[in-house]
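Q: Keeping their order, the protein sequence lines are chains G and F. Per the working numbering, residue 1 is the first one in the first sequence, and the count goes up by one each step. Per the working numbering, residue 251 is the first one in the second sequence, and the count goes up by one each step.
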Amino acid sequence: MLAPRALVLRAPGTNCDHETAHAFERAGGIARRVHVRALAERPAIADDCQILCIPGGFSYGDDIASGRIFALELKTRLSDALFRFRDRGGLLLGICNGFQVLLQTGLLLADPASGAPLATLAHNRSGRFIDRWVRLRALPGPCVFLKGLGDFELPIAHGEGRFVTCSAAALAAFEAAGQLPLRYAAGTNPNGAAADVAGASDPSGRILGLMPHPERFIDATQHPAWQGRLDPHAAGSGLALFVNAVKAVS
Amino acid sequence: MLWEVDVTLTDPAADHAARDVVNGAAELELPGCGSARTSAGWLIEGDVCRTDVERIAATLLADPVTESFVVDEVGAAPLCSGPAGLTTVVHVLPRPGVTDPAGLTAQQAIALLGHPGTTVRSLRKYWLPAMAADAAARLARKLLANEAIHDVVVGPLPLRSLAGGRSWEFCRETVPLEGLDDAALARLSRERCLALSAVELRAVRDHFRSLGRDPLEIELETIAQTWSEHCCHKTLSSPVDHVGPAGPVRYDNLLKETVFAATRKIRESLGARDWCVSVFRDNSGVVRFDGDNDICIKVETHNHPSAIEPYGGAATGLGGVIRDVLGTGLGAKPIANLDVFCVAPPDTPAADVPPGVIPPRRLLQGVVAGVRDYGNRMGIPTIAGAVAHDSGYLGNPLVFCGTVGIMPRGNAEAAVQPGDLVVVAGGRTGRDGIHGATFSSIELSSESESQSGGAVQIGHAIHEKMLTDFVLEASRQRLFNAITDCGAGGLSSAVGEMGATLGAEVDLDRVPLKYAGLSATEAWISEAQERMVLAVAPADWEKLAQVAADEGVEAVAIGTFTGTGRLLLRWQGQVAGELDCHFLHEGRPKQRLQSRHVPQPAAAARWSKAAGDAHALADTLLHVLGLPDVASKEWIIRQYDHEVQGASVLKPLLGPGAGPADGTVIRGVLGRGRGIALGVGLRHRLGRLDPYQMAAGGIVEAIANVVAAGADPDQIALLDNFCWGDTRREESLGTLVEACRACHDMALAFNAPFVSGKDSLNNVFAWTDASGVAREISIPPTLLATALGQVADVTQAVSPDLKQAGNRLAVIGTSWPDTAGSQLEVAAVVAGGRVPSVDAAACRAAWRALASARSAGVVQGCHDVSDGGLLTAVAEMTIAGGLGARLELAKVPFSAGDDAAETPVRDLAVAFGETPGRFVCEVRDADADRFAPLMEGVPWAWIGAVVPETVLTIVPTSGVPQTVGVDRLAAAWRGVAGGGV
C-alpha cells in the first residue's frame, strides 16, 4: 500500500508550506507542494491525493483581508475540483491563513443554501499581530484530525484570528452540531474569539480549519520551555493532527 | 468614471484603528478628538459600472460577516456622511508615485473578477467630531499621516482621475563642469544631491576633458551612485594617518589592514580547516555549515530613510537585506532575520525634540511595525535583536536589519559570462527612492523631510516573497550565472557591479515602469524595491521566463553583458550615455585622511547617597530591570513571527516565565540536528568613553550570547556594522580607527573571522533652535557586532531559565568594578568608574571551559552577563524559570582594581558592574564534582543555588540578606515600554 498523499496548496505569499509538507512526511505521508496556478491549469493533480492542506502565510499579501483573494481564486477557478475532492472523501485541512481561506470559500461554516460564509476571522481584539503559545482543548467528536486529543499546547501567529459568527444563533447551531471542536483553554483566549473558538470543522469531521500551527510543534524542541522539562527527541503534540490524517486515509 | 468604495466595520468596538486615533490624540494632547471611526477606502477607475463596483465591494473588499460598504462616485454626498456625531472626514492616501501595496493587490484581484485594466488606489478614512478644517489637517499630519508619503484631504475628495503621467520625451542633458571652481563644483554637488566632493568632481571633469566633452546627466548620476559612501565605503577604505594612544599608525586602506587582515590571517592559520567560503566580496558572507550546505549572513543599516518614514524605512531595510542573501552566489534561502534599533529614550520631553524629528516612541513603534509587516509576510522568522537607547540617537535613529540564509554547497561561486542577458525581475520601477544612495551619505537636517521625500521607499512584501520563490526555483534549476539585488543606486549599481569588468549594454526603455513619465536617468537610478538583476545565458532565457511566469513574477531582458569594458545606456535605440567601466570603478581619487584619538582619562566612581541604603541591592535591581535597555522587549518580539519555517529551538523568549534568551538557535535543515546560533552585541554606552572597548565589548557580548546558547566557540563568524558621526572630523575618524583596531585584535584573539560588514557614516543631525542658534546632535560611536555560531546538536542547546530547585549556581569569570557606561550609571546610583574592559585570553578560556562542561552534559542552564550585570542576569534566570534563587555576593570572584572599594559599594559593583566575559551556570548538585575540574584555569565560583520559593535572596558581603519576590522582578522587567500585548 502506498503512503497517503497530501497536496500542500500554496499561493503567492503562502509561507508555511515547507514545514507543513515536512509535518505530513514525518507523519508517514508523501507531501507535494503545488502552486494554485498549477492546480488551476491541471485540476487532475489533486486526483491522486487523499489530503489537501492550505497552509499558513499571507496569501496575496493579505492586504485587503486575510485569505480573501486566495479564496476568491479558489471559488472562481477551482470550486468544482474542491467540492469534488470533498465529496469523494478527501480530507481538507486549513491552518491559520488556510482556515481563513476555507471559511471564505464556503467549504466551512457556510450557509448550505447560498454558500455564503456565516463566520469569519476578524482582527485580533488587541489590533496587533501576535505570536505566542496557547493552551488548547480539543472536543474531537467526529473530527478526524483531533481524534484522541484532549488538552495540549500549540503556538499561534496571526493578526486576524478572532472567530466571529454572523449571529448568536449561528454560533449556537455550530456548537450544537459539534462543528467547533478546538477551543482556547478557559481564560487564555488570545484574540477575543467567540466561544474561545480556535478551530472549526464541517459536520462530517473531514474538514478542519484552525488558527494555531500544529506544524510548529512536531518536535519537543519547538516548545519554548522544552529544556529540562521535555525529552528533546520526543514528538510535539501537533504531530498528532498529521498522524491522524494520514492514518484516516491509509 | 472614478468610483469610491468605503468599507466600515459594523461593530464599533472592533474598530481598533479608531481606538488608536483617540488614544494617540490624547497622548499628543490634541483637543476635540474624544471619539472616532475609520473606514478603508478604495478608489477604482476603469470600465466598470455601479453594479460592477457593488459586486467588487461585496465579493472582494468587504467581509459579509463583519463589515458594511458604501459605493458612489468620488466626492458624492453619501461618501462624506459618517457615523452620527462624526461630521469631519479626513482622507489619508499615498502620494502619487508612492507604492500602494493594498491598491496593487486589489487591482490584480479585480482583474481576476473579470475587470482587467482598472486602476485602484487605497486610502484610509477617518471620521472625527466637528472641528475646523485646519485643526483636522493639523491632527492628521501629527497622528494619521506622514507627509513624506501621504496626502491629507479634509472634506470631500477633489480627485477626478487616477491617470498617471505622460511618457518621457527622450533628451540628453549635458552638465557643464568645465570652468567651474571648487566652490561651484561643491554647489553643483549639493544642488543635484550627488554627495561628491570637489576633488572627486575634478576627477570627473578631467576624465571627460580627456574625452573632449562634458558629462551627460545620466553619466554623472551613475558615477555619483557608484562612488557614494553607501556603495563603496570610501572612508573606511581610505588611506589614513592615525595618531592614537599607541602612537602614530599609517594605513593605506584602513578596512583592509584591520578587519580584512584579521580574517585573512585566521584563514591562513586554519589552512585546510578553513571554514570560510566567501567573505567580503559578495552581498553576504558565506561559511561552511554541514556536508551539504553553506550558510550566509548579512546585516545592513537603513538609518536615514527610517528617520524620515520609520515604517517604510525599516520595512525596506529588511527587504533589502533579505535580497542581499537571496542575491549571494547563485542564491540562498533566507531562514532568519534579526533587527536592532538604537533610539532616543522613550521619555524624551517633547520640548527637546528638534523640528523635523519624529518623537522616539512613535519612531520605535513605526520601525517595529515596518519589520513586523515585512518580515512576517516574507515568512522569515525574526529571531534576534535588541533595542538600545541614547539621547544621541534623537535625530539619527539606527535601524539594523540582518538576514541568515542557507544554500547548497557550491552555490557560493557565481560569475557573469560575456553574452549573458541582463534580466531585471520582480517589482516595477517608479520614482521611489531616487537618490537613496547619495542621500544616505549626507547628513540629515531639519529640512531633510521635505528635501528628500523622494528618497523614501515603501515596501511591497508580497512581491518580494514571490521574487524569492522565483529565484530559489530558478537557482535550483541553474538557470542563471549570477544574481544581485537592486538596492542603493538601483539598476545603476546592480548592473554596474555585475558588469564591472565585462561591461554591459542596457536598453532603459525596456525597464518595466509602474507609471509613465520616468526619464532614462530616473529608470536607471530609481531604488524601487523588490527587484533583482540576473545574468542569464541566452539558452536558459526561455526556461527562466517560464519559471517567472509560474510564480507570477515579471522578468524582462533589458540588455547584455558584453565584454567591451564599457557601459552603454540606450533609450529606444539612441545612446543615452556611455561610460568606461575602469574609470567608473577605479577612477575615484583617494584622499589621505587624518585621524586622531586622545583617550579620556578615567573618572573615579562617584556613588550616590542611595548606594548606602540598607535595601540598595534589591531596590536598584528593581530599578535596573525596568530601564529601557534592560526591560522586556516582549511587546516587540510577540509582534514578530519568530517561529515560521518551524526550525526554532531556542526562541527569543524562553522558559515557563518567558524570560530573555541570550543567543537564539534554529535548525539549519528541518529534521536534522545541526543548528545555527545568532547573537548581537552592542556597547553603545561606551562609545564616547572608549571606542576600542566599546567595539571589543560588543564583539565579546555577541560571541558570549551564542556560546551561552550552545555554539562551538571555535567556529564563530562575525559581522561588523559601524555607525558613526561626521568622520570628516579628525577626532571622529579617530574613534572609528580605534574601533577598527579592536575588531582586528578581537577577531585574532578569538579566532573568529569577520565575514561581512557595512558602515553608515555622517549620522549627525543639524538644526537651528528657536533662539536662532545652530545646533547639532551626533550619535555615539556605535559598532553592532553580530555573531553567527553553529551548534553541533540542537538537543544539547542550553537556555537561561532556571530548571530545578536544589541546583547550584556558578559564575564564570572575574568581576571588576566596571561601572562607567553601565546601567547602574543610567540608574544614577553611580557616575563614572572603570570602563568595562575586555580580557580576551580570559574570555576565550571561559568559552572553551563552558563548551566542555556543556558537552559533558553538566550545564542545566546558562546566561551571559551583560546589561545590568550579574544580579540582573540571575534575576532574568528566575523570571524565565519561575523559580527563586539565593545569591551570595561575597563568593563572587572580584578584583577591586585600583579602587579598594568597600561594602556596600563593593557589593553594588559586584552585583551591577558590567565586566564582559562572564556567565552564570546552573549545575545539578550531583554534577558539581564533574563541573569543577572542567573549569580548570578559569576564574569561577559557586555563588548560590536555585530555591523552590519564588523569591530572590541577595546575601551581601556583610549585613542582612535582601529579598524580593520573582513576581516583583517580573513586573519590574515587564513594566516599561510599549504597553503590553
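Heads up, the beta-carbon is just placed ideally off N, CA and C, and yes, glycines get one too. Predicted model only: the values in this text are computed from it and were never measured.
1. Is the beta carbon of Leu394 (chain F) sitting closer than 8 Å to the one on Val342 (chain F)?
2. Between the stretch 166-181 of chain G and the stretch 116-127 of chain G, do at least 3 Cβ pairs fall closer than 8 Å?
3. Could you give the DSSP three-state label for Trp377 (chain F): helix, strand or coil?
4. Please report the residue range of the beta strand (DSSP E) in which Arg300 (chain F) lies.
5. Taking DSSP as the reference, what is the three-state secondary structure of Gln1212 (chain F)?
6. So if I threshold CB-CB distances at 8 Å, which residues from the stretch 1039-1068 of chain F count as touching chain G?
7. Under 8 Å, do Gly284 (chain F) and Met381 (chain F) count as touching if we go by C-beta distance?
8. Give a yes or no on contact between the stretch 782-791 of chain F and the stretch 842-854 of chain F, applying the rule of three or more CB pairs nearer than 8 Å.
9. With distances taken between CB atoms, is the gap from Ser1049 (chain F) to Leu1184 (chain F) smaller than 8 Å?
10. Just the chain G side, please: which residues come within less than 8 Å of Met716 (chain F) by C-beta, in chain order?
11. Should Val370 (chain F) be flagged as near chain G, meaning a C-beta pair shorter than 8 Å?
12. Can you find a C-beta in chain F that's less than 8 Å from the C-beta of Glu73 (chain G)?
13. Name, going along the chain, the residues of the stretch 205-219 of chain G whose beta-carbon falls closer than 8 Å to a beta-carbon of chain F.
14. Grouping DSSP H, G and I as helix and E and B as strand, with all else coil, what is Val1231 (chain F)?
15. Take Ala361 (chain F) as the anchor and find which of F:Ala1182, F:Arg345, F:Thr309 has the nearest alpha-carbon.
16. So Met716 (chain F) is in the alpha helix (DSSP H); what residue range does that whole segment cover?
17. Which residues in chain F have a C-beta closer than 7 Å to the C-beta of Gly106 (chain G)? List them in chain order.
18. Measuring only between beta-carbons, confirm whether Ile712 (chain F) sits less than 8 Å from chain G.
19. Where does the unbroken beta strand (DSSP E) through Ser1049 (chain F) begin, and where does it stop?
20. Enumerated in chain order, which unbroken segments of the beta strand (DSSP E) with a length of 3 residues or greater are wholly contained in the stretch 1146-1205 of chain F?
21. Alpha carbons only, please: which of F:Leu986, F:Gln1040, F:Ala724 is nearest the one belonging to Ile1029 (chain F)?
22. Along the beta strand (DSSP E) that carries Ser845 (chain F), what are the first and last residues, could you check?
23. Would DSSP call Met657 (chain F) helix, strand or coil?
24. I'd like to know whether the C-beta of Tyr60 (chain G) is nearer than 8 Å to at least one C-beta of chain F.
25. If we define contact as Cβ-Cβ less than 8 Å, is Arg622 (chain F) a contact residue for chain G?
26. Between the stretch 714-731 of chain F and the stretch 791-804 of chain F, can you find at least three pairs of beta-carbon atoms closer than 8 Å?
27. Counting only the same chain and skipping the five closest in sequence on each side, list residues whose C-beta sits under 8 Å from that of Ile633 (chain F).
28. Can you name the residues of chain F whose CB is closer than 8 Å to the CB of Pro224 (chain G)?
29. Between the Cα of Val1014 (chain F) and those of F:Ala1020, F:Ala861, F:Ala1024, F:Ser1006, spot the shortest distance and give me the residue it belongs to.
30. Would you kindly work out how many angstroms separate the C-alpha atoms of Leu1034 (chain F) and Asn661 (chain F), rounded to a whole number?
31. What is the DSSP secondary structure of Asp940 (chain F), counted as helix, strand or coil?
32. Where does Phe319 (chain F) fall in DSSP's three states?
33. So, with DSSP's three-state summary, where would you put Tyr1246 (chain F)?
34. So, are the CB atoms of Asp464 (chain F) and Thr424 (chain F) less than 8 Å apart?
35. Counting only beta-carbon atoms, is Val164 (chain G) nearer than 8 Å to chain F?
36. Between which two residues does the beta strand (DSSP E) carrying Phe811 (chain F) extend?
A: So, from the data block:
1. Sequence index remark: in the second sequence, residue 394 (chain F) carries index 144 (1-based). Sequence index remark: in the second sequence, residue 342 (chain F) carries index 92 (1-based). Against a cut-off of 8 Å, the Cβ pair of Val342 (chain F) and Leu394 (chain F) comes out as a contact.
2. Under the three-pair Cβ rule at 8 Å, the stretch 166-181 of chain G counts as touching the stretch 116-127 of chain G.
3. On the second sequence, residue 377 (chain F) is found 127 positions in, with the first residue counted as 1. Trp377 (chain F): strand per DSSP, three-state reduction.
4. As a working note, residue 300 (chain F) is residue 50 in the second sequence. Note, Arg300 (chain F): premise wrong, no beta strand (DSSP E); alpha helix (DSSP H) at 300-306.
5. In the second sequence, the residue the question calls residue 1212 (chain F) occupies position 962. In this structure, Gln1212 (chain F) counts as strand in the three-state DSSP scheme.
6. Hits within the stretch, in order: Val1044, Thr1045, Ala1047, Val1048, Ser1049, Asp1051, Lys1053, Gln1054.
7. As a first step, residue 284 (chain F) is located in the second sequence; it is residue number 34 there, counting from the start. As a first step, residue 381 (chain F) is located in the second sequence; it is residue number 131 there, counting from the start. Annotated as distal: Gly284 (chain F) and Met381 (chain F), with beta-carbon spacing of 8 Å or more.
8. No, they do not touch.
9. What you label residue 1049 (chain F) is simply residue 799 of the second sequence in a count that begins at 1. What you label residue 1184 (chain F) is simply residue 934 of the second sequence in a count that begins at 1. For Ser1049 (chain F) and Leu1184 (chain F), no; Cβs fall outside 8 Å.
10. Walking along the second sequence from the start, residue 716 (chain F) turns up at place 466. Those are Pro12, Gly13, listed as they occur along chain G.
11. Locating residue 370 (chain F) in the second sequence gives position 120, where the first residue counts as 1. False, the Cβ-Cβ gap to chain G never drops below 8 Å.
12. Mapped onto the first sequence, residue 73 (chain G) falls at position 73. For Glu73 (chain G), the answer is yes, since a Cβ of chain F falls inside 8 Å of its Cβ.
13. Under the 8 Å Cβ criterion, the stretch 205-219 of chain G contributes His213, Glu215, Arg216, Ile218.
14. Working through the second sequence from its first residue, we reach residue 1231 (chain F) at position 981. Residue placement at Val1231 (chain F) is poorly supported in this model, since its pLDDT is 32, which falls under 50; the coordinates are not used for a value here.
15. Numbered from 1 along the second sequence, position 111 holds the residue referred to as residue 361 (chain F). Comparing Cα-Cα distances from Ala361 (chain F) to each of F:Ala1182, F:Arg345, F:Thr309, the minimum goes to F:Thr309.
16. Within the second sequence, residue 716 (chain F) is the residue found at index 466, counting from 1. Unbroken alpha helix (DSSP H) run through Met716 (chain F): 711-726.
17. Within the first sequence, residue 106 (chain G) is the residue found at index 106, counting from 1. In chain order: nothing, as chain F lies at least about 11 Å away.
18. Here the question's residue 712 (chain F) lines up with position 462 in the second sequence. Interface residue, yes.
19. Along the second sequence, one-based indexing puts residue 1049 (chain F) at 799. Counted as a single uninterrupted DSSP element, the stretch harbouring Ser1049 (chain F) is not any beta strand (DSSP E), since DSSP gives it neither H nor E.
20. Fully enclosed beta strand (DSSP E) runs of 3 or longer: 1169-1173, 1190-1197, 1201-1205.
21. As a position in the second sequence, residue 1029 (chain F) is number 779, starting the count at 1. Checking every option, the nearest Cα to that of Ile1029 (chain F) belongs to F:Leu986.
22. In the second sequence, the residue the question calls residue 845 (chain F) occupies position 595. Here the beta strand (DSSP E) through Ser845 (chain F) covers 843-846.
23. Here the question's residue 657 (chain F) lines up with position 407 in the second sequence. Note: Met657 (chain F) maps to strand in three-state DSSP.
24. Here residue 60 (chain G) corresponds to residue number 60 of the first sequence, with the count starting at 1. Closer than 8 Å: yes.
25. Here residue 622 (chain F) corresponds to residue number 372 of the second sequence, with the count starting at 1. Judged by the 8 Å Cβ criterion, Arg622 (chain F) is in contact with chain G.
26. The answer is yes - the stretch 714-731 of chain F touches the stretch 791-804 of chain F, with three or more Cβ pairs under 8 Å.
27. Numbered from its first residue, the second sequence carries residue 633 (chain F) at position 383. Cβ neighbours of Ile633 (chain F) beyond the five flanking positions: Ala586, Asn587, Leu588, His892, Ser898, Lys901, Pro902, Thr914, Ile916, Leu928.
28. Locating residue 224 (chain G) in the first sequence gives position 224, counting from the first residue. The answer, in chain order, is Lys901, Leu903, Leu904, Gly905, Ala908.
29. Residue numbering aside, residue 1014 (chain F) sits at position 764 when the second sequence is read from its first letter. When each option's Cα is compared against that of Val1014 (chain F), the closest is F:Ala1024.
30. Counting from one through the second sequence, the residue named residue 1034 (chain F) turns up at place 784. Counting from one through the second sequence, the residue named residue 661 (chain F) turns up at place 411. When rounded, the separation of the alpha-carbon atoms in Leu1034 (chain F) and Asn661 (chain F) is 28 Å.
31. Your numbering for residue 940 (chain F) matches position 690 in the second sequence. Reduced to three states, the DSSP call for Asp940 (chain F) is coil.
32. For the purposes of this step, residue 319 (chain F) is identified with residue 69 of the second sequence, where counting begins at 1. Of the three classes helix, strand and coil, the one that applies to Phe319 (chain F) here is strand, per DSSP.
33. Outside the shown range of chain F, which is 251 to 1231, sits residue 1246 (chain F), and nothing can be said about it.
34. Residue mapping note: residue 464 (chain F) aligns to position 214 of the second sequence, counting from 1. Residue mapping note: residue 424 (chain F) aligns to position 174 of the second sequence, counting from 1. If you check the CB distance, Asp464 (chain F) and Thr424 (chain F) come in under 8 Å.
35. Numbered from 1 along the first sequence, position 164 holds the residue referred to as residue 164 (chain G). At least one beta carbon of chain F lies nearer than 8 Å to the beta carbon of Val164 (chain G).
36. As a first step, residue 811 (chain F) is located in the second sequence; it is residue number 561 there, counting from the start. Segment 805-811, the beta strand (DSSP E) holding Phe811 (chain F).
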